[in-house]
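In full-length UniProt numbering, the protein residues as written are 1 to 418.
Yeah, the Cβ is synthetic: ideal placement off N, Cα and C, and Gly gets one too.
Since this is a predicted model, take the numbers as computed values, not measurements.
The block underneath contains the structure these notes are about, expressed in C-alpha coordinates.
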Amino acid sequence: MTDSLTRGANTPWTHDRAVVAVQGLSTEASVLAFLVTEDGRVRGDHDFVFFNNPTVPGVAIGGHRVEVDLVAVPSDVAKVVVAAVADDADPAPLSARPLSVGIQPGAGPGTQALVTGLTSERAVVLVELYRRAGQWKLRNVSAGWTEGFAALVRAHGVQVDEDVDDEGSGASEHLAGPAAAPPAPAPPPQAPAPAINLRKPGIEAIDLGKRTGAINLRKGEQVTITKTPRIVATCTWPRATDYDIFALVRYRDGRTETVSTFGTQVDKNDFRLATGDGAVRHSGDIGRTQTASKGWRRKKADEPAVGQETIEITLNPQIAAVVPVVYSAQSNGSGSFRRYQVAMSIDNGGGDTVTIDASNASADDAVFTCVPGIIINDPDGVRIQFLELYSAQGSENRPVVDGELIVKMDAGPVNAFK
1 MTDSLTRGAN TPWTHDRAVV AVQGLSTEAS VLAFLVTEDG RVRGDHDFVF FNNPTVPGVA
61 IGGHRVEVDL VAVPSDVAKV VVAAVADDAD PAPLSARPLS VGIQPGAGPG TQALVTGLTS
121 ERAVVLVELY RRAGQWKLRN VSAGWTEGFA ALVRAHGVQV DEDVDDEGSG ASEHLAGPAA
181 APPAPAPPPQ APAPAINLRK PGIEAIDLGK RTGAINLRKG EQVTITKTPR IVATCTWPRA
241 TDYDIFALVR YRDGRTETVS TFGTQVDKND FRLATGDGAV RHSGDIGRTQ TASKGWRRKK
301 ADEPAVGQET IEITLNPQIA AVVPVVYSAQ SNGSGSFRRY QVAMSIDNGG GDTVTIDASN
361 ASADDAVFTC VPGIIINDPD GVRIQFLELY SAQGSENRPV VDGELIVKMD AGPVNAFK
(Lines of atoms letter the chains of each structure in order from A; the text may use other names.)
(Lines give C-alpha, C1' and ligand atoms only; values in the text may rest on other atoms or scores of the structure.)
Protein backbone atom coordinates (compact mmCIF):
# COMPACT_ATOMS: atom_id res chain seq x y z
CA MET A 1 0.00 0.00 0.00
CA THR A 2 1.29 3.47 -0.89
CA ASP A 3 1.23 6.16 1.81
CA SER A 4 0.08 9.69 0.95
CA LEU A 5 1.97 12.77 2.10
CA THR A 6 0.17 16.13 2.14
CA ARG A 7 1.76 19.53 1.66
CA GLY A 8 4.09 20.37 4.54
CA ALA A 9 3.88 16.90 6.08
CA ASN A 10 6.88 14.66 6.73
CA THR A 11 7.53 11.01 7.45
CA PRO A 12 10.55 8.87 8.38
CA TRP A 13 12.39 7.38 5.39
CA THR A 14 14.05 4.18 6.57
CA HIS A 15 15.38 2.98 3.20
CA ASP A 16 18.85 3.37 1.71
CA ARG A 17 17.47 4.44 -1.67
CA ALA A 18 14.74 6.68 -2.97
CA VAL A 19 13.49 6.89 -6.54
CA VAL A 20 11.59 10.15 -6.98
CA ALA A 21 9.35 10.25 -10.07
CA VAL A 22 7.46 13.43 -10.95
CA GLN A 23 4.17 12.97 -12.79
CA GLY A 24 2.16 15.58 -14.66
CA LEU A 25 4.91 17.88 -15.93
CA SER A 26 5.04 18.95 -19.55
CA THR A 27 7.66 17.20 -21.65
CA GLU A 28 9.81 20.34 -21.82
CA ALA A 29 9.75 21.04 -18.06
CA SER A 30 12.85 20.17 -16.05
CA VAL A 31 13.41 18.32 -12.79
CA LEU A 32 16.41 19.46 -10.73
CA ALA A 33 18.05 18.55 -7.43
CA PHE A 34 20.25 20.32 -4.90
CA LEU A 35 22.51 18.81 -2.23
CA VAL A 36 22.52 21.41 0.53
CA THR A 37 24.02 21.84 3.99
CA GLU A 38 22.23 22.89 7.18
CA ASP A 39 21.98 26.48 5.92
CA GLY A 40 19.99 25.38 2.89
CA ARG A 41 22.74 26.19 0.39
CA VAL A 42 24.93 24.05 -1.83
CA ARG A 43 28.59 23.56 -0.89
CA GLY A 44 29.50 24.48 -4.46
CA ASP A 45 28.08 24.44 -7.97
CA HIS A 46 28.86 20.72 -8.22
CA ASP A 47 25.96 20.10 -5.81
CA PHE A 48 23.44 21.41 -8.35
CA VAL A 49 22.09 18.42 -10.32
CA PHE A 50 20.46 19.38 -13.61
CA PHE A 51 20.55 18.78 -17.38
CA ASN A 52 24.19 19.88 -17.74
CA ASN A 53 25.31 18.06 -14.56
CA PRO A 54 23.03 15.01 -14.28
CA THR A 55 25.05 12.85 -11.87
CA VAL A 56 26.79 13.61 -8.57
CA PRO A 57 27.70 11.32 -5.66
CA GLY A 58 24.44 9.90 -4.35
CA VAL A 59 22.08 11.61 -6.82
CA ALA A 60 21.34 11.10 -10.52
CA ILE A 61 18.69 12.70 -12.75
CA GLY A 62 17.16 11.26 -15.91
CA GLY A 63 14.15 13.00 -17.41
CA HIS A 64 11.56 13.62 -14.69
CA ARG A 65 13.09 11.07 -12.31
CA VAL A 66 15.68 11.42 -9.56
CA GLU A 67 17.50 8.45 -8.07
CA VAL A 68 18.98 8.99 -4.61
CA ASP A 69 21.43 6.63 -2.93
CA LEU A 70 21.35 7.93 0.63
CA VAL A 71 24.36 5.84 1.63
CA ALA A 72 26.44 7.61 -1.03
CA VAL A 73 25.26 11.13 -0.19
CA PRO A 74 28.21 13.00 1.39
CA SER A 75 28.04 13.19 5.18
CA ASP A 76 28.09 17.01 5.24
CA VAL A 77 24.98 17.19 3.05
CA ALA A 78 21.94 17.75 5.26
CA LYS A 79 19.24 17.70 2.62
CA VAL A 80 18.52 16.53 -0.93
CA VAL A 81 16.01 18.93 -2.51
CA VAL A 82 14.00 17.89 -5.59
CA ALA A 83 12.46 20.70 -7.66
CA ALA A 84 10.68 21.30 -10.96
CA VAL A 85 10.90 24.24 -13.36
CA ALA A 86 8.53 25.21 -16.17
CA ASP A 87 10.04 25.55 -19.63
CA ASP A 88 10.72 29.13 -20.78
CA ALA A 89 8.59 28.61 -23.88
CA ASP A 90 5.56 27.53 -21.82
CA PRO A 91 3.66 30.57 -20.44
CA ALA A 92 1.57 28.48 -18.05
CA PRO A 93 2.54 28.22 -14.36
CA LEU A 94 3.16 24.80 -12.85
CA SER A 95 -0.25 24.93 -11.18
CA ALA A 96 -1.85 24.51 -14.64
CA ARG A 97 -1.17 20.76 -14.44
CA PRO A 98 -2.07 18.29 -11.69
CA LEU A 99 1.36 17.35 -10.33
CA SER A 100 2.28 14.49 -8.04
CA VAL A 101 5.48 12.87 -6.87
CA GLY A 102 5.98 9.17 -6.31
CA ILE A 103 8.80 8.16 -3.97
CA GLN A 104 9.79 4.51 -4.04
CA PRO A 105 12.50 2.67 -2.10
CA GLY A 106 13.27 0.58 -5.18
CA ALA A 107 11.06 -2.33 -4.17
CA GLY A 108 7.93 -2.52 -2.06
CA PRO A 109 5.38 0.17 -1.19
CA GLY A 110 6.35 3.82 -1.40
CA THR A 111 4.91 7.25 -0.74
CA GLN A 112 2.84 9.58 -2.91
CA ALA A 113 3.19 13.35 -2.46
CA LEU A 114 0.44 15.47 -4.04
CA VAL A 115 1.64 18.91 -5.14
CA THR A 116 -1.07 21.31 -3.98
CA GLY A 117 -1.52 24.97 -3.08
CA LEU A 118 0.34 26.38 -6.08
CA THR A 119 -0.77 29.58 -7.83
CA SER A 120 1.60 31.41 -10.21
CA GLU A 121 4.84 29.52 -9.46
CA ARG A 122 7.17 28.61 -12.35
CA ALA A 123 9.75 26.90 -10.12
CA VAL A 124 8.74 24.65 -7.23
CA VAL A 125 10.48 22.62 -4.54
CA LEU A 126 8.49 19.41 -4.63
CA VAL A 127 9.94 17.17 -1.92
CA GLU A 128 13.10 16.94 0.15
CA LEU A 129 14.95 14.17 1.92
CA TYR A 130 16.64 15.53 5.03
CA ARG A 131 18.61 14.30 8.02
CA ARG A 132 17.13 14.58 11.51
CA ALA A 133 18.81 13.09 14.59
CA GLY A 134 20.90 10.77 12.44
CA GLN A 135 17.93 9.48 10.43
CA TRP A 136 16.51 10.42 7.04
CA LYS A 137 13.04 11.92 6.69
CA LEU A 138 10.88 12.84 3.70
CA ARG A 139 8.90 16.08 3.44
CA ASN A 140 6.31 17.27 0.92
CA VAL A 141 7.26 20.94 0.39
CA SER A 142 5.11 22.08 -2.58
CA ALA A 143 6.27 25.70 -2.50
CA GLY A 144 8.04 27.84 -5.06
CA TRP A 145 8.86 31.02 -6.92
CA THR A 146 6.85 32.99 -9.46
CA GLU A 147 10.12 34.28 -10.95
CA GLY A 148 11.24 30.80 -12.04
CA PHE A 149 14.55 29.10 -12.66
CA ALA A 150 17.10 31.73 -11.61
CA ALA A 151 15.19 32.53 -8.41
CA LEU A 152 15.11 28.85 -7.43
CA VAL A 153 18.82 28.22 -7.95
CA ARG A 154 19.86 31.46 -6.23
CA ALA A 155 17.80 30.50 -3.20
CA HIS A 156 19.95 27.38 -2.90
CA GLY A 157 23.24 29.22 -3.25
CA VAL A 158 23.98 28.64 -6.94
CA GLN A 159 25.46 31.56 -8.86
CA VAL A 160 23.76 32.03 -12.24
CA ASP A 161 24.81 33.63 -15.51
CA GLU A 162 23.45 37.13 -16.00
CA ASP A 163 22.03 36.23 -19.40
CA VAL A 164 19.74 33.55 -17.99
CA ASP A 165 18.39 35.80 -15.24
CA ASP A 166 14.62 36.04 -15.12
CA GLU A 167 12.68 39.25 -15.63
CA GLY A 168 11.97 40.80 -12.25
CA SER A 169 15.13 39.40 -10.69
CA GLY A 170 15.04 42.06 -8.01
CA ALA A 171 12.25 40.03 -6.40
CA SER A 172 13.81 36.67 -7.15
CA GLU A 173 13.58 35.47 -3.58
CA HIS A 174 9.84 36.20 -3.28
CA LEU A 175 7.83 33.05 -2.58
CA ALA A 176 4.39 32.64 -4.08
CA GLY A 177 1.88 31.33 -1.57
CA PRO A 178 2.05 31.13 2.21
CA ALA A 179 3.99 27.86 2.60
CA ALA A 180 7.50 27.82 3.98
CA ALA A 181 10.41 27.44 1.57
CA PRO A 182 14.20 27.24 1.65
CA PRO A 183 15.79 30.28 3.35
CA ALA A 184 16.83 33.34 1.35
CA PRO A 185 20.46 33.33 0.21
CA ALA A 186 23.16 34.93 2.31
CA PRO A 187 25.11 37.89 0.88
CA PRO A 188 27.44 36.84 -1.95
CA PRO A 189 31.03 36.01 -1.07
CA GLN A 190 33.78 38.55 -1.69
CA ALA A 191 35.32 36.49 -4.51
CA PRO A 192 32.50 34.51 -6.16
CA ALA A 193 33.30 31.51 -8.33
CA PRO A 194 32.53 31.70 -12.06
CA ALA A 195 28.86 31.19 -12.85
CA ILE A 196 27.88 27.77 -14.14
CA ASN A 197 26.14 27.37 -17.48
CA LEU A 198 22.36 27.18 -17.07
CA ARG A 199 21.53 27.28 -20.77
CA LYS A 200 19.20 24.45 -21.66
CA PRO A 201 20.67 22.42 -24.53
CA GLY A 202 19.09 23.00 -27.90
CA ILE A 203 17.43 26.25 -26.86
CA GLU A 204 20.31 28.63 -26.16
CA ALA A 205 23.33 26.84 -27.55
CA ILE A 206 26.86 28.06 -26.90
CA ASP A 207 28.15 28.86 -30.39
CA LEU A 208 31.72 27.76 -31.17
CA GLY A 209 31.58 29.33 -34.63
CA LYS A 210 32.95 27.69 -37.77
CA ARG A 211 35.69 25.11 -37.21
CA THR A 212 37.59 22.42 -39.07
CA GLY A 213 39.12 19.07 -38.21
CA ALA A 214 37.99 16.87 -35.32
CA ILE A 215 35.59 18.58 -32.93
CA ASN A 216 34.26 17.06 -29.69
CA LEU A 217 31.12 18.88 -28.66
CA ARG A 218 29.98 19.26 -25.07
CA LYS A 219 26.34 19.36 -24.09
CA GLY A 220 24.74 22.69 -24.95
CA GLU A 221 27.34 23.62 -27.59
CA GLN A 222 26.98 24.06 -31.34
CA VAL A 223 29.54 24.27 -34.13
CA THR A 224 29.46 24.94 -37.87
CA ILE A 225 31.43 22.87 -40.40
CA THR A 226 31.84 23.14 -44.16
CA LYS A 227 28.85 22.02 -46.21
CA THR A 228 29.89 19.25 -48.60
CA PRO A 229 27.85 17.17 -51.09
CA ARG A 230 27.59 14.26 -48.63
CA ILE A 231 27.19 14.42 -44.84
CA VAL A 232 27.16 11.15 -42.89
CA ALA A 233 25.71 10.86 -39.38
CA THR A 234 26.85 7.65 -37.68
CA CYS A 235 25.57 6.26 -34.39
CA THR A 236 27.57 3.57 -32.62
CA TRP A 237 27.26 1.35 -29.57
CA PRO A 238 30.12 -0.96 -28.60
CA ARG A 239 28.25 -3.70 -26.76
CA ALA A 240 25.93 -6.46 -27.92
CA THR A 241 22.44 -4.98 -28.03
CA ASP A 242 19.88 -3.84 -30.59
CA TYR A 243 19.55 -0.11 -31.10
CA ASP A 244 17.85 1.43 -34.11
CA ILE A 245 18.39 4.78 -35.78
CA PHE A 246 15.83 6.84 -37.60
CA ALA A 247 15.87 10.47 -38.71
CA LEU A 248 13.37 13.30 -38.81
CA VAL A 249 13.88 15.52 -41.87
CA ARG A 250 12.32 18.96 -41.54
CA TYR A 251 11.64 20.86 -44.77
CA ARG A 252 11.30 24.61 -45.09
CA ASP A 253 7.74 24.24 -46.40
CA GLY A 254 6.68 22.77 -43.04
CA ARG A 255 6.79 19.07 -43.93
CA THR A 256 8.60 16.49 -41.82
CA GLU A 257 9.59 13.18 -43.41
CA THR A 258 10.98 10.22 -41.47
CA VAL A 259 13.55 7.74 -42.73
CA SER A 260 13.36 4.53 -40.76
CA THR A 261 13.44 0.75 -40.90
CA PHE A 262 10.17 0.36 -38.98
CA GLY A 263 6.79 2.02 -38.69
CA THR A 264 4.56 3.22 -35.88
CA GLN A 265 1.53 1.84 -34.08
CA VAL A 266 -0.59 4.02 -36.39
CA ASP A 267 0.73 2.14 -39.43
CA LYS A 268 3.39 -0.51 -38.91
CA ASN A 269 4.05 -0.68 -42.66
CA ASP A 270 4.48 3.05 -43.15
CA PHE A 271 8.26 3.43 -43.27
CA ARG A 272 10.89 4.14 -45.87
CA LEU A 273 14.69 4.13 -46.10
CA ALA A 274 14.86 7.46 -47.97
CA THR A 275 13.02 10.75 -48.20
CA GLY A 276 10.85 11.35 -51.24
CA ASP A 277 13.56 13.49 -52.88
CA GLY A 278 16.25 10.92 -52.05
CA ALA A 279 18.28 13.52 -50.12
CA VAL A 280 18.38 11.61 -46.81
CA ARG A 281 18.92 7.86 -46.72
CA HIS A 282 19.13 5.21 -44.01
CA SER A 283 21.88 2.57 -44.29
CA GLY A 284 19.56 -0.19 -43.08
CA ASP A 285 19.01 -2.09 -39.85
CA ILE A 286 22.01 -4.12 -38.67
CA GLY A 287 20.05 -5.89 -35.92
CA ARG A 288 21.58 -6.93 -32.63
CA THR A 289 25.40 -6.82 -32.58
CA GLN A 290 26.74 -10.26 -31.83
CA THR A 291 29.26 -11.59 -29.34
CA ALA A 292 31.15 -14.64 -30.56
CA SER A 293 30.42 -17.71 -28.45
CA LYS A 294 33.21 -18.97 -26.26
CA GLY A 295 34.71 -22.09 -27.84
CA TRP A 296 36.81 -24.65 -25.98
CA ARG A 297 39.89 -23.57 -27.95
CA ARG A 298 39.53 -19.94 -26.90
CA LYS A 299 40.88 -18.62 -23.63
CA LYS A 300 38.13 -16.01 -23.48
CA ALA A 301 35.16 -14.89 -25.52
CA ASP A 302 35.71 -12.42 -28.33
CA GLU A 303 34.74 -8.80 -27.71
CA PRO A 304 31.34 -7.88 -29.14
CA ALA A 305 31.26 -6.25 -32.54
CA VAL A 306 30.63 -2.53 -32.67
CA GLY A 307 27.05 -1.73 -33.62
CA GLN A 308 26.72 1.05 -36.19
CA GLU A 309 23.97 2.56 -38.31
CA THR A 310 24.28 5.59 -40.56
CA ILE A 311 22.15 8.33 -42.09
CA GLU A 312 23.49 9.69 -45.38
CA ILE A 313 22.54 13.30 -46.11
CA THR A 314 22.72 15.29 -49.34
CA LEU A 315 21.51 18.71 -48.28
CA ASN A 316 19.43 20.77 -50.67
CA PRO A 317 17.93 24.24 -50.13
CA GLN A 318 14.54 22.80 -49.20
CA ILE A 319 15.88 20.92 -46.14
CA ALA A 320 15.99 22.93 -42.92
CA ALA A 321 17.35 20.28 -40.55
CA VAL A 322 17.90 16.58 -39.94
CA VAL A 323 17.39 15.04 -36.49
CA PRO A 324 18.93 11.58 -35.97
CA VAL A 325 17.11 9.60 -33.26
CA VAL A 326 18.43 6.56 -31.37
CA TYR A 327 15.81 4.08 -30.14
CA SER A 328 15.75 0.72 -28.38
CA ALA A 329 12.36 -0.94 -27.96
CA GLN A 330 11.28 -1.90 -24.46
CA SER A 331 11.02 -5.46 -25.70
CA ASN A 332 14.80 -5.52 -26.24
CA GLY A 333 15.28 -5.65 -22.47
CA SER A 334 16.91 -3.27 -19.99
CA GLY A 335 20.02 -1.24 -20.64
CA SER A 336 20.73 2.47 -20.48
CA PHE A 337 22.30 4.77 -23.06
CA ARG A 338 25.23 5.20 -20.69
CA ARG A 339 25.72 1.46 -20.21
CA TYR A 340 25.87 0.88 -23.95
CA GLN A 341 27.84 4.08 -24.66
CA VAL A 342 25.66 5.20 -27.55
CA ALA A 343 27.45 8.02 -29.42
CA MET A 344 27.04 9.96 -32.67
CA SER A 345 29.49 11.47 -35.15
CA ILE A 346 28.88 13.71 -38.16
CA ASP A 347 31.43 13.58 -40.98
CA ASN A 348 31.44 15.87 -44.04
CA GLY A 349 33.97 13.76 -45.91
CA GLY A 350 36.22 16.79 -46.19
CA GLY A 351 38.24 16.26 -43.05
CA ASP A 352 35.75 17.65 -40.54
CA THR A 353 34.20 15.33 -37.94
CA VAL A 354 31.95 16.35 -35.05
CA THR A 355 31.57 13.87 -32.18
CA ILE A 356 28.77 13.75 -29.62
CA ASP A 357 29.95 11.20 -27.09
CA ALA A 358 28.14 9.28 -24.36
CA SER A 359 30.30 10.22 -21.38
CA ASN A 360 27.34 11.84 -19.58
CA ALA A 361 24.52 9.84 -21.14
CA SER A 362 21.44 8.85 -19.15
CA ALA A 363 21.87 5.84 -16.86
CA ASP A 364 18.11 5.27 -16.67
CA ASP A 365 17.16 1.78 -17.88
CA ALA A 366 13.56 2.91 -18.48
CA VAL A 367 14.46 5.54 -21.11
CA PHE A 368 14.23 4.17 -24.66
CA THR A 369 14.78 7.15 -26.97
CA CYS A 370 17.58 9.70 -27.27
CA VAL A 371 18.15 12.62 -29.64
CA PRO A 372 21.92 13.23 -29.50
CA GLY A 373 21.86 16.36 -31.66
CA ILE A 374 20.40 18.24 -34.60
CA ILE A 375 22.01 18.94 -38.00
CA ILE A 376 20.91 22.36 -39.30
CA ASN A 377 21.26 23.43 -42.92
CA ASP A 378 22.50 27.04 -42.79
CA PRO A 379 23.37 29.06 -45.91
CA ASP A 380 27.06 29.22 -44.98
CA GLY A 381 27.58 25.73 -43.56
CA VAL A 382 26.23 22.82 -41.55
CA ARG A 383 25.48 23.70 -37.94
CA ILE A 384 25.43 20.88 -35.38
CA GLN A 385 23.94 21.26 -31.91
CA PHE A 386 24.61 18.85 -29.04
CA LEU A 387 21.12 18.30 -27.57
CA GLU A 388 21.11 14.95 -25.72
CA LEU A 389 17.36 14.88 -25.17
CA TYR A 390 15.62 11.84 -23.70
CA SER A 391 12.12 10.45 -23.76
CA ALA A 392 10.06 10.17 -20.61
CA GLN A 393 10.38 6.95 -18.65
CA GLY A 394 8.58 4.11 -20.38
CA SER A 395 7.66 6.19 -23.42
CA GLU A 396 8.13 4.79 -26.91
CA ASN A 397 6.63 7.81 -28.64
CA ARG A 398 8.68 9.41 -31.36
CA PRO A 399 9.92 13.00 -31.01
CA VAL A 400 8.87 15.75 -33.39
CA VAL A 401 10.72 18.82 -34.69
CA ASP A 402 8.76 22.05 -35.11
CA GLY A 403 9.12 25.02 -37.44
CA GLU A 404 11.55 26.71 -35.03
CA LEU A 405 13.72 23.56 -35.17
CA ILE A 406 12.94 22.78 -31.53
CA VAL A 407 12.83 19.05 -30.81
CA LYS A 408 9.92 17.98 -28.62
CA MET A 409 10.29 14.55 -27.05
CA ASP A 410 7.36 12.09 -26.84
CA ALA A 411 5.13 14.29 -29.02
CA GLY A 412 4.87 11.89 -31.98
CA PRO A 413 3.27 8.49 -32.58
CA VAL A 414 4.32 5.34 -30.72
CA ASN A 415 6.99 3.26 -32.45
CA ALA A 416 5.97 -0.16 -33.70
CA PHE A 417 7.68 -2.61 -31.35
CA LYS A 418 10.23 -4.74 -33.17
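Does the pairing of the region 96 to 115 with the region 8 to 18 give three or more beta-carbon distances under 8 Å? yes
Does DSSP classify Ala-18 as helix, strand or coil? On the sequence shown, residue 18 is found 18 positions in, with the first residue counted as 1. Three-state result, Ala-18: strand.
For Gly-350, which option in Val-73, Ala-214, Val-82 has the closest C-alpha, if you only look at C-alpha atoms? For this step, residue 350 is matched to residue 350 along the sequence shown. Of the listed residues, the one whose Cα sits closest to Gly-350 is Ala-214.
Buried or exposed for Pro-399, please, with buried defined as at least 16 other CB atoms from any protein chain shown within 10 angstroms of its CB. Numbered from its first residue, the sequence shown carries residue 399 at position 399. Buried is the call here.
If the criterion is Cβ atoms closer than 8 Å, does the pair Ser-283 and Glu-257 meet it? Residue numbering aside, residue 283 sits at position 283 when the sequence shown is read from its first letter. Residue numbering aside, residue 257 sits at position 257 when the sequence shown is read from its first letter. No, Cβ-Cβ distance for Ser-283 and Glu-257 is not below 8 Å.
Looking at Val-127: is its Cβ nearer than 8 Å to the Cβ of Leu-118? In the sequence shown, the residue the question calls residue 127 occupies position 127. In the sequence shown, the residue the question calls residue 118 occupies position 118. Taking 8 Å as the Cβ cut-off, Val-127 and Leu-118 do not qualify as a contacting pair.
Collapsed DSSP secondary structure at Ser-4 in the structure displayed: Working through the sequence shown from its first residue, we reach residue 4 at position 4. Three-state result, Ser-4: strand.
If you drop the 5 nearest sequence neighbours on each side, which residues of the same chain put their C-beta closer than 7 Å to that of Gly-102? Residue mapping note: residue 102 aligns to position 102 of the sequence shown, counting from 1. Cβ contact annotation for Gly-102 (same chain, cutoff 7 Å, sequence separation greater than five): Ala-21, Gln-23, Gly-110, Gln-112, in chain order.
Quick one: what does DSSP say Val-56 is sitting in, helix, strand or coil? On the sequence shown, residue 56 is found 56 positions in, with the first residue counted as 1. In the structure shown, Val-56 sits in a strand (DSSP, three-state: E or B).
Would you mind sorting Lys-219 into buried or exposed? The rule is 16 or more other CB atoms within 10 Å of its CB. The residue given as residue 219 occupies position 219 in the sequence shown. Label assigned to Lys-219: buried.
Cβ shell of Val-82 (< 6 Å), same chain only, five flanking positions each side left out: Taking the sequence shown and counting its residues from 1, the one referred to as residue 82 is at position 82. Closer than 6 Å at the Cβ level, and outside the excluded window around Val-82, lie Val-20, Ala-33, Val-66, Leu-126, Val-127.
Leu-94 by DSSP, collapsed to three states: which one? Your numbering for residue 94 matches position 94 in the sequence shown. In this structure, Leu-94 counts as helix in the three-state DSSP scheme.
Count the other CB atoms, across all protein chains shown, that sit within 10 Å of the CB of Ser-4; report buried if there are 16 or more and exposed otherwise. Position 4 of the sequence shown, counting from 1, holds the residue named residue 4. Exposed, since its Cβ has fewer than 16 Cβ neighbours within 10 Å.
Environment of Pro-372 [buried if 16+ CB atoms lie within 10 Å]: Position 372 of the sequence shown holds residue 372. Buried, since its Cβ has 16 or more Cβ neighbours within 10 Å.
From the DSSP output, read off the bridge partner residues of Pro-12. Counted from its first residue, the sequence shown places residue 12 at position 12. Answer by DSSP bridge pairing, in chain order: Lys-137.
Output needed for Leu-70: all residues of its chain with C-beta closer than 6 Å, excluding positions within five of it in sequence on either side, in chain order. As a position in the sequence shown, residue 70 is number 70, starting the count at 1. The beta carbon of Leu-70 lies closer than 6 Å to those of Asp-16, Trp-136 in the same chain, with the five residues before and after it left out.
With DSSP as the reference, label Arg-154 as helix, strand or coil. Walking along the sequence shown from the start, residue 154 turns up at place 154. Arg-154: helix per DSSP, three-state reduction.
Does the region 271 to 283 come close enough to the region 246 to 257 that 3 or more CB-CB pairs lie under 8 Å? yes
Count the CB pairs spanning the region 379 to 387 and the region 218 to 234 that are closer than 8 Å, and state whether there are at least three. yes
Grouping DSSP H, G and I as helix and E and B as strand, with all else coil, what is Asp-364? Translated into the one-based positions of the sequence shown, residue 364 becomes position 364. Three-state result, Asp-364: coil.
Residue interval of the beta strand (DSSP E) (run including Asn-348): As a position in the sequence shown, residue 348 is number 348, starting the count at 1. For Asn-348, there is no enclosing beta strand (DSSP E), as DSSP marks it with neither H nor E.
His-282, enclosing beta strand (DSSP E) - first and last residue: Within the sequence shown, residue 282 is the residue found at index 282, counting from 1. Per DSSP, His-282 belongs to the beta strand (DSSP E) from 280 to 282.
C-alpha gap between Thr-264 and Ala-247, whole angstroms: Counting from 1 along the sequence shown, the entry for residue 264 is found at position 264. Counting from 1 along the sequence shown, the entry for residue 247 is found at position 247. C-alpha separation (whole angstroms): 14 Å.
DSSP three-state call for Gly-287: helix, strand or coil? Position 287 of the sequence shown, counting from 1, holds the residue named residue 287. Low confidence applies to Gly-287: its pLDDT is 49, below 50, so where it sits in the model is not reliable enough to give any reading.
Of the residues Gly-278, Glu-312, Val-354, the one placed nearest Leu-208, counting alpha carbons only: Taking the first residue of the sequence shown as 1, we reach residue 208 at position 208. Minimum Cα distance to Leu-208 is reached at Val-354.
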